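Colleague: The structure under discussion is supplied below as structure tokens; questions concerning it will follow.
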Amino acid sequence: MELNRHNIMLALVAFVMIQPIIDVLTTASLLFIDLPLTLGVIIRLAYLAAMAVWILNESRKSKRARLYLLYLAGLAVFVIINFIVGYTVKEPFYIVQELTYYTKVVYFHVLFFGFLLILEAMKKEDGSDTARQLVNYFLIASLTISVVFIIAHLTGTSMANYARSKEGWTGWFYAGNEIGASMSILLPITALFAVYKQTTTRKFLHWLPFVLLSLAMLALGTKVGYGGILIVLLSIFFGSLLLLLTTKEYPARQRVKANSFVSLLLLIALVVSTPFTPVFGNMYAHLDILGISLEKPQVPVDEDGNQLPPDGEEEPEEPLINAEQFENLVFSSRETYKADYIEQFKDAPISQKLFGMGFAGNYDVPGPHKPLKMIEMDFHDWFFSFGILGFIYMVAPIVWFAGKFIIKFVTNLKENFNYFSILTGVAFLVGIGIAYTAGHTLTAPSVSVWLAFLLAAVTVVSKDGTIKPDLE
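Heads up, the sequence shown is in this note's numbering, so the first residue is 17 and it goes up one at a time.
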């Protein structure tokens, strides 16, 4: 019986590793199989149900599991109220799309509490190394993504990330935003594998998974991918400089020196290669779409080449990019949708202000080939979809568990400041940052699974107040 329990827990946790394969199957089903649901949706729905059953089963013998189940029951109540409010207020009301959105939104919460229970049980019952599980599973997933990108490129079968004007490729992954967000969360953990294995400046082999995943992220042509690489490398470099101040033992100090050197080399390589990356050209393409020219205007000169004085009163020089254009450059038109949702929220009845407007706000009948749109900024989507009360309830677990980790980290800063805390912290902050600015994280099951597992793992690792796993 105990063996079966262990195997079930192992299978539920190891599911994390096969996410890229599920994404490729999703692409195949969209392109080659005419099904009402993709293979990815079917598999992830089955996994969601399995995790819910696991939590329910554990609640019979664990007080902690009962608390988690109680929270999820409360979330279900908010969803039901949201559905009832939407059904009575919204006209039209598309039930299938509303229910689909609910499934996507609750995915993170169910998986997070499920992972938390499983990882706690595995650590308690057989001494499983949670930190090593995190690194190994994320590393395998990142290598799978890199291999898919390489094969897709070599065979000329990689899909374009943009319909026109911009460059970028997604390999065999159908959704560019989702795979970009996934890689950005995986990258710091892939780097975590490298920094603990690096012993001298001559041994670069362990950085290969990081380099391969970085190349795949650059191939996407997105700001998120480029920014993710830059943030990780800067974190390792400056983190290493700080660690040199506190690390005195020879083997550990040698490792820190090697990591600072390699991260600096990779930073230089990234900067030098930037003009040749898709994201660099895409920035110019975006500026061109906005009608922005970075070239200086022509200055009138006389026959001798001297600048002529301006005619009449000199007008103040306008900035090359105004605030509105800069916002569009950063958020890619999301600010326009946000402004529309704000107006909808102002006009909404008090029931919707408290419990939300549901999927896509108070929509009208969409035109042909114009699907209903979310803002695609996850926290904003949560707020407008579930209202003031629902939003507070949904963000509470993230704030609570992330806050506990930060408090433990700061309380014993000297002991806990290491590569594990630095890079898991970066991975979480990058994930939350993408959720806030670009979306497709907390509302996309293919991405939220990574953030759920990451937060659960660091919670278990830091449970005794010490964040110092043995990953060497």
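Just so you know, even glycine gets a beta-carbon here, dropped at the ideal spot from N, CA and C. A quick note: this is a predicted structure, and the numbers were derived from the prediction, not measured.
#1: With a threshold of 16 other CB atoms inside 10 Å of the CB of Asn344, please say whether the residue is buried or exposed.
#2: Compute the distance between the beta-carbons of Phe407 and Phe399, then report whether it is under 8 Å.
#3: Sort out for me which residues DSSP pairs Trp185 with in a bridge.
#4: Please name the residue in Asp356, Lys77, Val122 whose C-alpha comes closest to that of Thr459.
#5: Could you compute how far the alpha carbon of Tyr118 sits from the alpha carbon of Val95?
#6: So what does DSSP say about Phe342, is it helix, strand or coil?
#7: Relative to the C-alpha of Ala89, which candidate in Thr457, Phe129, Lys354, Arg271 has its C-alpha closest?
#8: So, for Lys106: in the same chain, excluding its five sequence neighbours on each side, which residues have a beta-carbon less than 8 Å away from its beta-carbon?
#9: Does the segment 190-205 come into contact with the segment 130-140, if we say contact requires no fewer than three beta-carbon pairs (one atom in each stretch) closer than 8 Å?
#10: Counting Cβ pairs, one atom from each stretch, are 3 or more of them under 8 Å apart for the segment 359-374 and the segment 413-430?
#11: Determine the DSSP secondary structure at Ser533, reduced to helix, strand or coil.
#12: Quick one: what's got a C-beta closer than 7 Å to Phe342's C-beta in the same chain, skipping five residues either side?
#13: Check this for me: beta carbons of Leu470 and Thr440, under 8 Å apart or not?
#14: Tell me the rounded alpha-carbon separation between Met233 and Leu286.
#15: Would you report the Cα separation of Thr186 and Ile448, rounded to the nearest angstrom?
#16: What is the C-beta distance between Gly196 and Gly241, in whole angstroms, given that I count them as a contact (C-beta under 8 Å)?
#17: In angstroms with no decimal places, state the Cα-to-Cα distance between Leu281 and Thr290.
#18: Around the Cβ of Phe48, are there at least 16 other Cβ atoms within 10 angstroms (buried) or fewer (exposed)?
#19: Out of curiosity, what's the CA-to-CA distance linking Thr160 and Pro36?
#20: Is Ile358 buried or exposed, if buried means 16 or more other CB atoms sit within 10 Å of its CB?
#21: Rank Ile483, Ser251, Leu246, Lys213 by C-alpha distance to the C-alpha of Pro267 and give the top, closest one.
#22: Could you tell me whether the segment 29-45 touches the segment 139-154, where touching means 3 or more Cβ pairs closer than 8 Å?
#23: How many Å lie between Ser309 and Lys239 at the Cα?
#24: Whole angstroms are fine: how far does the CA of Ser162 sit from the CA of Trp223?
#25: Looking at the secondary structure, which residues open and close the alpha helix (DSSP H) in which His456 lies?
#26: Do you know how far the Cα of Trp70 is from the Cα of Lys79?
#27: Roughly how many angstroms lie between the CA atoms of Leu260 and Ile422, to the nearest whole one?
#28: Going by other Cβ atoms of all chains shown within 10 Å of its Cβ, with 16 needed for buried, is Arg21 buried or exposed?
#29: Taking 7 Å as the cut-off, is the CB of Phe296 close to at least one heavy atom of the ligand SAH?
#30: According to the neighbour-count rule (16 or more other Cβ atoms, all chains shown, within 10 Å of its Cβ), is Ile483 buried or exposed?
Modeller: Let's see:
#1: For the purposes of this step, residue 344 is identified with residue 328 of the sequence shown, where counting begins at 1. In this prediction, Asn344 has a pLDDT of 47, which is less than 50 and means its spatial position is unreliable; what the coordinates show is noted afterwards. Asn344 comes out buried.
#2: Here residue 407 corresponds to residue number 391 of the sequence shown, with the count starting at 1. Here residue 399 corresponds to residue number 383 of the sequence shown, with the count starting at 1. Yes; because the gap between Cβ atoms is below 8 Å, this pair is in contact.
#3: In the sequence shown, residue 185 corresponds to position 169, counting from 1. DSSP lists Ala176 as partners of Trp185.
#4: What you label residue 459 is simply residue 443 of the sequence shown in a count that begins at 1. It is Val122 whose Cα lies nearest to the Cα of Thr459.
#5: In the sequence shown, residue 118 corresponds to position 102, counting from 1. In the sequence shown, residue 95 corresponds to position 79, counting from 1. Tyr118 and Val95: Cα-Cα distance of roughly 7 Å.
#6: Mapped onto the sequence shown, residue 342 falls at position 326. Here Phe342 scores only 47 on pLDDT, less than 50, and its place in the model is too uncertain to base an answer on.
#7: In the sequence shown, counting from the first residue as 1, residue 89 sits at position 73. Ranking the options by Cα distance to Ala89, first place goes to Phe129.
#8: For the purposes of this step, residue 106 is taken as residue 90 along the sequence shown, with counting starting at 1. Met373, Gly374, Asn378, Tyr379, listed in sequence order.
#9: no
#10: no
#11: Nothing in the structure corresponds to residue 533, since the chain is present only between 17 and 488.
#12: Taking the first residue of the sequence shown as 1, we reach residue 342 at position 326. The predicted position of Phe342 is uncertain, since its pLDDT is 47 and thus under 50; no value can be drawn from it.
#13: Locating residue 470 in the sequence shown gives position 454, where the first residue counts as 1. Locating residue 440 in the sequence shown gives position 424, where the first residue counts as 1. In contact: Leu470 and Thr440 (Cβ atoms closer than 8 Å).
#14: Position 217 of the sequence shown holds residue 233. Position 270 of the sequence shown holds residue 286. About 12 Å.
#15: Position 170 of the sequence shown, counting from 1, holds the residue named residue 186. Position 432 of the sequence shown, counting from 1, holds the residue named residue 448. Near 22 Å, if we compare the C-alpha coordinates of Ile448 and Thr186.
#16: Stepping through the sequence shown from its first residue, residue 196 is reached at position 180. Stepping through the sequence shown from its first residue, residue 241 is reached at position 225. That pair is a contact at about 5 Å.
#17: One-based indexing of the sequence shown puts residue 281 at position 265. One-based indexing of the sequence shown puts residue 290 at position 274. Each residue's Cα considered, the two are about 14 Å apart.
#18: Along the sequence shown, read from residue 1 onward, the residue named residue 48 stands at position 32. Burial call: exposed.
#19: Counting from one through the sequence shown, the residue named residue 160 turns up at place 144. Counting from one through the sequence shown, the residue named residue 36 turns up at place 20. Cα to Cα, Thr160 sits roughly 7 Å from Pro36.
#20: Stepping through the sequence shown from its first residue, residue 358 is reached at position 342. Ile358 should be labelled exposed.
#21: On the sequence shown, position 251 is the one that residue 267 refers to. Selected option, being the one with the closest Cα: Lys213.
#22: yes
#23: For the purposes of this step, residue 309 is taken as residue 293 along the sequence shown, with counting starting at 1. For the purposes of this step, residue 239 is taken as residue 223 along the sequence shown, with counting starting at 1. Confidence in Ser309 is poor, its pLDDT being 49 and thus under 50, which makes the residue's placement unreliable; the coordinate value appears in the next sentence. Those two C-alpha atoms are separated by around 20 Å.
#24: The residue labelled residue 223 in the question sits at position 207 within the sequence shown. The residue labelled residue 162 in the question sits at position 146 within the sequence shown. When rounded, the distance between both Cα atoms is 13 Å.
#25: Position 440 of the sequence shown, counted from the first residue, corresponds to residue 456. Unbroken run through His456: none, as it is neither H nor E.
#26: For the purposes of this step, residue 79 is taken as residue 63 along the sequence shown, with counting starting at 1. For the purposes of this step, residue 70 is taken as residue 54 along the sequence shown, with counting starting at 1. If I take the Cα positions, the gap works out to 14 Å.
#27: Position 244 of the sequence shown holds residue 260. Position 406 of the sequence shown holds residue 422. Distance between the alpha carbons of Leu260 and Ile422: 22 Å.
#28: Within the sequence shown, residue 21 is the residue found at index 5, counting from 1. It counts as exposed.
#29: Ligands displayed in this structure: none; no statement on the ligand SAH is therefore possible.
#30: Residue numbering aside, residue 483 sits at position 467 when the sequence shown is read from its first letter. Classification for Ile483: buried.
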